[in-house]
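Asks: Protein sequence lines correspond, in order, to chains P, E and A.
Residue numbers 274 to 367, in this note's numbering, belong to the letters of the first sequence in order.
Residue numbers 8 to 437, in this note's numbering, belong to the letters of the second sequence in order.
Residue numbers 14 to 460, in this note's numbering, belong to the letters of the third sequence in order.
I am attaching a structure below and will ask some questions about it afterwards.
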Amino acid sequence: MLIIMDEMGFERLLKICRLHLTVEEAEKIRKDLEEVVAYFGVLDETDTDGAEPAYHPVEMLQLIGDDREKEFENKEGLLSNAKTYRFYLVGPNV
Amino acid sequence: MKIGLEVHVALQTNTKLFCRCRNDAAEVNTAICPTCMGFPGSKPVLNGSALSIALGIAKALNCKTREKVSFIRKVYFYPDLPKSYQITQLDEPMGYDGGVEYGKRKVGIRRVQLEEDPARIIREEEYTLIDFNRSGVPLVEIVTEPEIVDPEDLRSFLFELESILYYLGIDIEKELKIDLNISLGRNRVEVKNVTGIRNLVDAARHEMERQKALLDSGKDVVAETRSYNEGKGVTEESREKESDEEYGYIYDPDLTEYSLTGVEFAKPLMAGKIAHDYAERYGANEDTLRELLMFNRDALRLLEHAKDRRSMKSIINAISLLRKYNGMEMDEDSFDQMAMLLEKGGYVGEETVKKLLSGGSIDINVEEVKVEDLDREILELINKNEGLIEEYEKNPKTFNFIVGEMMKKHKLNPRYIAERLGKLLEERRK
Amino acid sequence: MSSISEFYEKDRGEDYYNRLIEEIGGLNGKLNAFNAIGSISEGFPFSVKDNICVKGIETTASSKMLGSYVPPFNATVVERMLKKGFGFLGKTNMDEFGFGSFGLNCAKPARNPFNEKYVAGGSSSGAAVATSILKYHVAIAESTGGSISTPAAFCGVVGFTPTYGTISRYGLIDYANSLDKIGIMARSGDDAREVFDVVRGSDGNDATCTDPDYHDRNTGNIFVIDELTNGASEEVMREFSRLLDSLAGKGYRIERKSLKILEKAVASYYVIATAEASTNLAKYTGFKYGLKNDKFYQKYNDFFSDARENFGIEAKRRIAIGTFVRGASVKDRYYVKALKVRRLIINELAGILKDGFILNPVMPIKTPSIEEAESLDPLTSYKADMFTIPPNLCGFPHVSFTYAYPDGMPIGAQLTAGHFDDYALLGFLKEWESGFKYRFRYDIGAL
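Written as structure tokens, this is what we have:
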């Protein structure tokens with residue numbers, strides 16, 4: 274089944290993604306999205322009754338961390354990637 | 008009217024929920040690492056203590072639990088959210104379908120979930136400042152059913168909830184952050200991020216009035232998100248919130264499912280229920296008991312220890328005295344001595360409490376003064392001092408003189424002496 | 014003997030590493046294998062795909078969004094290699110964030126060392142080129158849906174993608190967390206084995222990394238699945254048939270099977286991969302690291318959206334697709350459904366793999382020219398991964414190896430084994446290499 278992305282639906286999707294696109298990009302991606310999502314329709318026909326979703330491909334053991342502090346040794350390296358002011362990271366206006 | 012809550016409780020673990028940075032560092036951006044700053048390549052690893060505490064909360068709120076819990080990514084964009092998604096829970100939370108009883112009321116608990124706190128953000132004129140110390144701090148979100156009926160009920164519910172949290176070892180000095188869902192009519196309004204019980208009750212009251220005014224004038228209440236302005240005491244429209252469609256929840260594939268089998272958790276303690284039961288069983292005043300027990304681990308400890316050894320009246324009396332003289336940490340044996348002394352009609356003042364606290368013992372051999380003897384001695388004292396009665400009629404303080412004189416002779420509780428004196432005077436008047 | 018042991022036995026002279034770097038530099042202008050070259054001065058050289066963090070070295074995943082990002086920590090694999098005495102040589106080129114099969118989705122696409130007009134394959138394009146041009150070197154690469162097998166095949170090197178979760182992903186810049194696997198490219202199975210032994214093993218920093226009991230099952234059976242050959246070009250099938258004959262000659266029992274559900278593998282894979290990717294890419298908002306937007310006065314939504322214009326077109330496409338398929342109203346139909354289909358495929362394939370290996374051509378087409386690959390529309394290009402996707406979707410270990418050189422270009426096959434049968438694959442390679450000599454056009458650093 275072909276999903277038709279109307280103009281509004283697509284605009285809303287881009288807003289959720291926080292993506293600004295050029296007109297050409299938007300046109301192209303919208304067309305590709307329709308095609309690709311239509312192709313995903315092959316999943317519909319599969320009988321998956323009783324199948325548990327496979328969140329991971331192999332069975333996972335659980336790793337639980339103990340509650341002991343382990344200081345990260347290179348904090349300057351974390352902050353030096355960004356603009357800072359009195360050790361605060363500077364972020365955009367809200 | 009229906010009120011539902013989303014209560015956020017910060018857990019005081021040593022480290023954060025998904026990394027081993029210190030929880031609750033003071034100096035800006037000192038408890039940070041690639042994981043809690045959302046750096047590319049970083050991965051989360053679940054804190055076992057947070058899991059235990061969260062499970063304790065779910066159990067204390069009478070929630071059902073599944074065999075396993077898992078985490079999801081809730082995607083939204085805000086400068087305080089380093090990965091632009093919050094790791095939280097959805098289909099496999101810590102607990103679901105619980106409830107809290109308080110007095111004759113009961114409010115359902117829809118879900119208890121474990122999640123990470125975003126960073127702390129300071130708004131400036133043209134930018135924001137971000138401190139990642141708080142980013143990744145474990146939070147438990149408690150979602151209630153919309154079953155709270157009015158602001159007074161809201162206060163009672165939160166009092167009970169805070170008591171339960173207190174007895175799970177959670178520091179309730181840190182005020183809870185609460186989102187409030189409130190509807191008088193059809194549409195539900197969400198009031199976000201109210202801090203503290205007092206503000207919350209105020210916010211509920213204001214929002215209730217606002218909605219009532221709208222409905223009374225024939226207008227509709229718009230389903231929206233508002234925020235509470237403490238200063239003005241009103242709720243205001245706030246920023247657009249994402250819908251479920253936009254959050255686009257997916258299972259967090261960096262984490263696995265976690266079995267709850269064998270996870271240890273703190274046994275809950277329902278002080279409200281204990282106060283109620285004791286009031287019934289021992290014929291004590293429930294309000295007094297609640298007042299003493301809801302937020303006082305020591306009071307409960309001492310009460311539990313002494314409940315069948317001493318009279319409830321002397322126990323309550325002893326606990327009140329300890330509160331007055333900052334002696335709540337007193338050990339059980341000393342408390343026993345103190346309650347016994349009170350029970351025998353002995354006197355306990357600050358001196359006595361201090362002495363017991365510093366490991367000393369007190370003389371609990373209150374001389375057994377028979378009531379008849381005491382009464383006789385009081386009468387003798389009155390008779391010896393001519394005019395005392397007349398003076399008493401003018402100045403009731405004279406009373407204290409008699410009590411004082413009697414205390415020189417016997418180690419008795421002044422209240423007890425006063426009680427007898429009152430009776431005798433009464434009789435005399437007749 | 015592994016080339017690693019051989020390297021340490023030989024006398025390298027004083028100037029070895031300087032000459033090595035100089036020669037690589039010369040060729041790199043033409044082939045674009047490396048995004049950054051380190052300052053190696055000792056040890057057996059290893060390169061690291063540019064989506065794996067190396068402390069202090071610019072790491073961009075070939076994305077403008079991560080331009081000038083310098084990680085403050087080492088990925089666990091890097092840490093383990095350095096600790097074992099390997100020498101860090103440089104960061105290798107790739108499709109942006111791993112999004113691509115041909116290595117073209119980046120600023121300067123890598124080129125095939127056998128013929129520069131041809132693609133190197135993706136997304137671990139640079140890793141394959143580096144392995145193909147360097148005599149003594151191993152590459153730490155990464156595969157999500159075929160990103161090791163494909164470039165390894167196109168560049169004529171060994172590509173080893175181990176079972177999901179055997180090598181820690183700590184420090185790997187995520188594409189799709191439940192699919193991403195760090196792996197190894199080398200010039201021999203022995204080299205790959207030696208590196209695997211160094212880097213595998215559980216890690217307190219990655220909750221999905223396991224320490225399994227490895228088996229070493231080689232039953233002598235090889236299954237050829239119709240759905241993993243259907244659609245292959247005649248030329249590819251002609252060569253592949255010869256490979257089957259040759260393996261039969263070595264005593265392998267070849268059996269054909271059909272597994273219809275594999276026709277859903279590409280869709281299941283792209284739903285899961287884009288859903289996870291779209292959440293992973295949400296963190297790039299232009300102020301914490303990498304590309305910076307300095308217009309802080311903008312409201313955050315505009316600020317973020319402006320910064321995110323710097324993603325490449327394929328990244329934008331996958332963000333849009335992935336955000337769509339996990340939206341609440343369609344999530345069950347796409348995202349959850351894809352996870353269930355994955356479960357069915359895992360079960361089916363595991364049933365086959367307990368009795369033997371699965372062998373298939375790596376790609377349905379021979380190595381395309383850059384021009385050809387550029388002309389493919391996205392869906393066709395996604396479908397080109399149909400042979401490499403099943404083991405990747407299901408976390409099965411697989412190796413890609415060269416078995417012929419029609420027209421002088423290498424062509425590769427992919428052998429898949431059951432979960433944790435990783436060593437059986439490496440054992441197979443050793444056996445294969447005893448009767449087949451790989452060819453290379455360059456031997457930089459030869460002693």
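We put the beta carbon where it would ideally sit given N, CA and C, even for glycine.
Whose C-alpha, out of A:Ile-358, A:Glu-268, A:Val-142 and A:Phe-110, is nearest the C-alpha of Asp-320 of chain P?
Replies: On the first sequence, position 47 is the one that residue 320 of chain P refers to. The residue with the shortest Cα to Cα distance from Asp-320 of chain P is A:Ile-358.
Asks: Just how far apart, CA to CA, sit Ala-325 of chain E and Leu-349 of chain E?
Replies: Taking the first residue of the second sequence as 1, we reach residue 325 of chain E at position 318. Taking the first residue of the second sequence as 1, we reach residue 349 of chain E at position 342. Roughly 7 angstroms separates the two Cα atoms.
Asks: Are the C-beta of Val-16 of chain E and some C-beta of chain P separated by less than 7 angstroms?
Replies: The count along the second sequence starts at 1 and reaches residue 16 of chain E at position 9. Val-16 of chain E does not count as touching chain P.
Asks: Arg-291 of chain P: buried (16+ other C-beta within 10 angstroms of its C-beta) or exposed?
Replies: On the first sequence, position 18 is the one that residue 291 of chain P refers to. Label assigned to Arg-291 of chain P: buried.
Asks: Is there at least one Cβ from chain P nearer than 7 angstroms to Met-446 of chain E's Cβ?
Replies: No statement about residue 446 of chain E is possible, as the shown extent of chain E runs from 8 to 437 and does not include it.
Asks: 7 angstroms is my cut-off, CB to CB: does Pro-153 of chain E come that close to chain P?
Replies: Counted from its first residue, the second sequence places residue 153 of chain E at position 146. By this cut-off, Pro-153 of chain E is not an interface position.
Asks: Does Leu-275 of chain P pass the burial test, meaning 16 or more other C-beta atoms within 10 Å, or should it be called exposed?
Replies: In the first sequence, residue 275 of chain P corresponds to position 2, counting from 1. Because Leu-275 of chain P sits at a pLDDT of 48, beneath the cut-off of 50, its placement in the model cannot be relied upon, and the following sentence gives the value as read from the coordinates. That one is exposed.
Asks: Would Ser-413 of chain A and Gly-425 of chain A be called neighbours here (beta carbons separated by less than 7 angstroms)?
Replies: For the purposes of this step, residue 413 of chain A is taken as the residue at position 400 of the third sequence. For the purposes of this step, residue 425 of chain A is taken as the residue at position 412 of the third sequence. Their beta carbons are under 7 angstroms apart, which means Ser-413 of chain A touches Gly-425 of chain A by this criterion.
Asks: What three-state label does DSSP hand Val-198 of chain E in the structure shown?
Replies: Start at 1 with the first residue of the second sequence, and residue 198 of chain E comes out as number 191. Strand, per DSSP.
Asks: So for Ile-411 of chain A, helix, strand or coil by DSSP?
Replies: One-based indexing of the third sequence puts residue 411 of chain A at position 398. Residue identity check: residue 411 of chain A is His in the sequence provided, not Ile. Reduced to three states, the DSSP call for His-411 of chain A is strand.
Asks: Run through chain P and tell me which residues come within less than 9 angstroms of Glu-133 of chain E, C-beta to C-beta.
Replies: As a working note, residue 133 of chain E is residue 126 in the second sequence. Chain P residues near Glu-133 of chain E: Asn-366.
Asks: From the beta carbon of Glu-426 of chain E, is the nearest beta carbon of chain P less than 7 angstroms away?
Replies: The sequence position of residue 426 of chain E within the second sequence is 419, counting from 1. Not an interface residue.
Asks: Going along the chain, which residues of its own chain have a beta-carbon closer than 8 angstroms to the beta-carbon of Ser-327 of chain E, five neighbours each way excluded?
Replies: Position 320 of the second sequence, counted from the first residue, corresponds to residue 327 of chain E. For Ser-327 of chain E, where only same-chain residues beyond five positions count, the Cβ hits under 8 angstroms are Leu-299.
Asks: Please determine, among E:Asp-227, E:Gly-367 and E:Val-378, the residue with the shortest C-alpha to C-alpha distance to Gly-352 of chain E.
Replies: Position 345 of the second sequence holds residue 352 of chain E. Checked all of E:Asp-227, E:Gly-367 and E:Val-378; the closest Cα to Gly-352 of chain E is E:Val-378.
Asks: With a threshold of 16 other CB atoms inside 10 Å of the CB of Ala-210 of chain E, please say whether the residue is buried or exposed.
Replies: Start at 1 with the first residue of the second sequence, and residue 210 of chain E comes out as number 203. It is buried - the Cβ of Ala-210 of chain E has at least 16 other Cβ atoms within 10 Å.
Asks: Would you say Ala-46 of chain A and Val-142 of chain A are within 7 angstroms of each other, going by their C-beta atoms?
Replies: Residue numbering aside, residue 46 of chain A sits at position 33 when the third sequence is read from its first letter. Residue numbering aside, residue 142 of chain A sits at position 129 when the third sequence is read from its first letter. Yes, they are a contact pair.
Asks: So, helix, strand or coil for Val-367 of chain P, using DSSP?
Replies: On the first sequence, residue 367 of chain P is found 94 positions in, with the first residue counted as 1. Of the three classes helix, strand and coil, the one that applies to Val-367 of chain P here is coil, per DSSP.
Asks: Please classify Tyr-82 of chain A: is it buried, with 16 or more other beta-carbons within 10 angstroms of its beta-carbon, or exposed?
Replies: To locate residue 82 of chain A, count along the third sequence from 1; it is residue 69. Buried: at least 16 other Cβ atoms inside 10 Å.
Asks: Using a beta-carbon distance cut-off of less than 8 angstroms, what residues from the segment 335-365 of chain E approach chain P?
Replies: Here the close residues number zero.
Asks: Count the other CB atoms within 10 Å of the CB of Gly-262 of chain A; is the residue buried (16 or more) or exposed (fewer)?
Replies: Within the third sequence, numbered from 1, the residue matching residue 262 of chain A stands at position 249. The residue is exposed, with fewer than 16 neighbouring Cβ atoms inside 10 Å.
Asks: May I ask you to verify whether the segment 207-221 of chain E touches the segment 139-159 of chain E, counting CB pairs closer than 8 angstroms and requiring at least 3?
Replies: They touch, by the three-pair rule.
Asks: Sort A:Ile-378, A:Gly-264, A:Leu-366 and A:Leu-117 by Cα distance to Phe-253 of chain A and report the nearest one.
Replies: Indexing the third sequence from 1 puts residue 253 of chain A at position 240. Cα-wise, what sits closest to Phe-253 of chain A is A:Ile-378.
Asks: Pull up the distance between the alpha-carbon of Val-61 of chain A and that of Gly-338 of chain P, whole angstroms please.
Replies: Here residue 61 of chain A refers to the residue found at position 48 of the third sequence. Here residue 338 of chain P refers to the residue found at position 65 of the first sequence. Rounded to whole angstroms, Val-61 of chain A to Gly-338 of chain P spans 28 angstroms at the Cα level.
Asks: Listed in chain order, which residues of the segment 328-349 of chain P have Cβ atoms closer than 8 angstroms to some Cβ of chain E?
Replies: So the list reads Tyr-328, His-329, Met-333, Leu-334, Gln-335, Leu-336, Ile-337, Gly-338, Asp-339, Asp-340, Arg-341, Glu-342, Lys-343, Glu-344, Phe-345 and Lys-348, given in the order they occur along the chain.
Asks: If contacts are defined as beta-carbon pairs under 8 angstroms, then Ile-149 of chain E and Leu-68 of chain E qualify, I think. What distance do you get, rounded to the angstrom?
Replies: One-based indexing of the second sequence puts residue 149 of chain E at position 142. One-based indexing of the second sequence puts residue 68 of chain E at position 61. Going by Cβ atoms, the distance from Ile-149 of chain E to Leu-68 of chain E rounds to 7 angstroms, so yes, they are a contact pair.
Asks: Kindly indicate the opening and closing residues of the alpha helix (DSSP H) around Phe-370 of chain A.
Replies: The sequence position of residue 370 of chain A within the third sequence is 357, counting from 1. It is not in any alpha helix (DSSP H) - Phe-370 of chain A instead sits in the beta strand (DSSP E) that spans 370-374.
Asks: Just verifying my parser: in three-state terms, what is the DSSP assignment at Arg-124 of chain A?
Replies: Indexing the third sequence from 1 puts residue 124 of chain A at position 111. Residue state, collapsed to three classes: strand.
Asks: May I have the straight-line CA-CA distance separating Gly-111 of chain A from Tyr-174 of chain E, to the nearest angstrom?
Replies: Counting from one through the third sequence, the residue named residue 111 of chain A turns up at place 98. Counting from one through the second sequence, the residue named residue 174 of chain E turns up at place 167. Cα to Cα, Gly-111 of chain A sits roughly 50 angstroms from Tyr-174 of chain E.
Asks: Under 8 angstroms, with one C-beta from each stretch per pair, do the segment 206-223 of chain A and the segment 176-188 of chain A reach the 3-pair mark?
Replies: Yes: the two stretches touch, three or more of their Cβ pairs being nearer than 8 angstroms.
Asks: Answer with buried or exposed for Lys-184 of chain E, where buried requires no fewer than 16 other C-beta atoms within 10 angstroms of its C-beta.
Replies: Along the second sequence, read from residue 1 onward, the residue named residue 184 of chain E stands at position 177. Label assigned to Lys-184 of chain E: buried.
Asks: Provide the residue(s) that pair with Tyr-357 of chain P in DSSP beta bridges, ordered along the chain.
Replies: Taking the first sequence and counting its residues from 1, the one referred to as residue 357 of chain P is at position 84. According to the sequence shown, residue 357 of chain P is Thr rather than Tyr. Thr-357 of chain P pairs with P:Leu-362.
Asks: Just reading off the alpha helix (DSSP H) that Gly-63 of chain E is part of, what are its end residues?
Replies: For this step, residue 63 of chain E is matched to residue 56 along the second sequence. Note, Gly-63 of chain E: alpha helix (DSSP H), 55-67.
Asks: Take the Cβ of Tyr-328 of chain P as the centre, count every other Cβ of all protein chains shown within 10 Å, and call the residue buried at 16 or more, exposed below.
Replies: As a position in the first sequence, residue 328 of chain P is number 55, starting the count at 1. That one is buried.
Asks: Closest Cβ-Cβ distance between Leu-275 of chain P and chain A: below 7 angstroms?
Replies: By one-based count along the first sequence, residue 275 of chain P stands at place 2. For Leu-275 of chain P, the pLDDT reaches just 48, beneath the cut-off of 50, and the residue's location in the model is therefore unreliable, although a value from the coordinates is still provided. No, no contact with chain A.
Asks: Closer than 7 angstroms, Cβ to any Cβ of chain P: which residues of the segment 356-376 of chain A, in chain order?
Replies: Cβ contacts with chain P come from Arg-356, Leu-357 and Ile-359.
Asks: Give me the chain A residues within the contact set of Met-44 of chain E, using Cβ-Cβ distance strictly less than 8 angstroms, ordered along the chain.
Replies: Indexing the second sequence from 1 puts residue 44 of chain E at position 37. Correct list: Lys-301.
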